[in-house]
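A short worksheet on the structure shown next.
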Amino acid sequence: SLVFDKITLTGFKSFVEPTDFLIEPGLTGIVGPNGCGKSNLLEAIRWVMGANSAKAMRGAQMEDVIFSGTRQRPGRNQAHVTLSINNSARVAPAAFNDSDQLEVMRVITKGKGSTYKINGKTVRAKDVQLLFADASTGANSPALVRQNQISELISAKPANRRRVLEEAAGISGLHSRRHEAELR
Ligand code: ATP
Ligand code: MG
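Just so you know, we're using full-length UniProt numbering here: the sequence shown kicks off at 3 and counts up by one.
Take a look at the structure:
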């Protein structure tokens, strides 16, 4: 599968200056006091994978992910998140499978929306979503559990619960590709 090596956040929510998180092999835990940015970091991982719901980022609009400033510090007009991926197992879709290292970047600029790059080349949101859908990770992956999500799952309607199970079974990438094929 795709192995995440590093995530870098700049101007994203509470992470103002470029901040690197190295992701070691094995299970990763994030600990810290309330409000230190744990949920923001998980949201950044979903965001760079193509999440398109502002609500899932706990905002009214997507631009709300941009650092909004504090009393001491002016806000930014851009947020960047870069996810560095080890693709030495060469499991990325064919279009991106010519290198061992993949850098996926998403940038949002106030008033201009988001753009995405993979290894420096501009791509569509859909390409990034498919990259992760095929690798059965993805912005809605069951591997990323939001706060309150467990209780939501327990009380979910069967159709919604089925979507989670399909993600877990690794077959939801098929649905994304089928949908994409229908659009053509
Ligand atoms: P808890 O343990 O309570 O779940 P947490 O570590 O998950 O806390 P987060 O929710 O990630 O904390 O971080 C909340 C902090 O991020 C708040 O201080 C909030 O003001 C700050 N924050 C969120 N969005 C922005 C933004 N756009 N600009 C600046 N700060 C932001
Ligand atoms: Mg939290």
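Ideal Cβ positions, reconstructed from N, Cα and C, are used throughout, including at glycine. Quick caveat, the model's predicted, so the values are computed rather than measured.
Assumed close pair residue i, residue j - CB separation to whole angstroms, cut-off 8 Å
| i | j | result |
| --- | --- | --- |
| residue 95 | residue 132 | 6 Å |
| residue 120 | residue 98 | 6 Å |
| residue 130 | residue 51 | 7 Å |
| residue 108 | residue 49 | 6 Å |
| residue 65 | residue 25 | At roughly 27 Å, the Cβ-Cβ gap does not stay under 8 Å, so residue 65 and residue 25 are not in contact. |
| residue 54 | residue 127 | 7 Å |
Counterpart residues of residue i in DSSP-defined beta bridges
| i | result |
| --- | --- |
| residue 31 | BP columns for residue 31 are empty, so no partner. |
| residue 108 | 83, 118 |
| residue 69 | In DSSP, residue 69 forms no bridge with anything. |
| residue 123 | 120 |
| residue 88 | 5, 103 |
| residue 17 | 14 |
Own chain residues within Cβ distance below 6 Å of residue i, not counting five before or after
| i | result |
| --- | --- |
| residue 86 | 7, 8, 105 |
| residue 150 | none |
| residue 12 | 20, 82 |
| residue 16 | 39, 42 |
| residue 72 | none |
| residue 78 | 13, 68, 69 |
Where the alpha helix (DSSP H) through residue i begins and ends
| i | result |
| --- | --- |
| residue 166 | 160-171 |
| residue 251 | Residue 251 is absent from the model: the chain starts at 3 and stops at 186. |
| residue 9 | Counting along the chain, residue 9 falls outside any alpha helix (DSSP H), though it belongs to the beta strand (DSSP E) covering 5-12. |
| residue 153 | 151-156 |
Terminal residues of the beta strand (DSSP E) in which residue i lies
| i | result |
| --- | --- |
| residue 23 | 21-24 |
8 Å CB neighbourhood of residue i in its chain, flanking five on each side removed
| i | result |
| --- | --- |
| residue 101 | 89, 121 |
| residue 63 | 56 |
Own chain residues within Cβ distance below 7 Å of residue i, not counting five before or after
| i | result |
| --- | --- |
| residue 5 | 87, 88 |
| residue 46 | 9, 11, 14, 83 |
| residue 155 | 163, 166 |
| residue 125 | 118, 119 |
Any C-beta of chain D under 7 Å from that of residue i
| i | result |
| --- | --- |
| residue 127 | Of the protein chains in this structure there is only one, and it is not chain D. |
Worksheet item: Would you call the stretch 13-22 and the stretch 77-96 in contact, with 3 or more CB pairs under 8 Å?
Response: Yes, the stretch 13-22 touches the stretch 77-96.
Worksheet item: For the stretch 111-124 against the stretch 27-38, are there 3 or more C-beta pairs whose distance is under 8 Å?
Response: Counting Cβ pairs under 8 Å, fewer than three are found: no touch.
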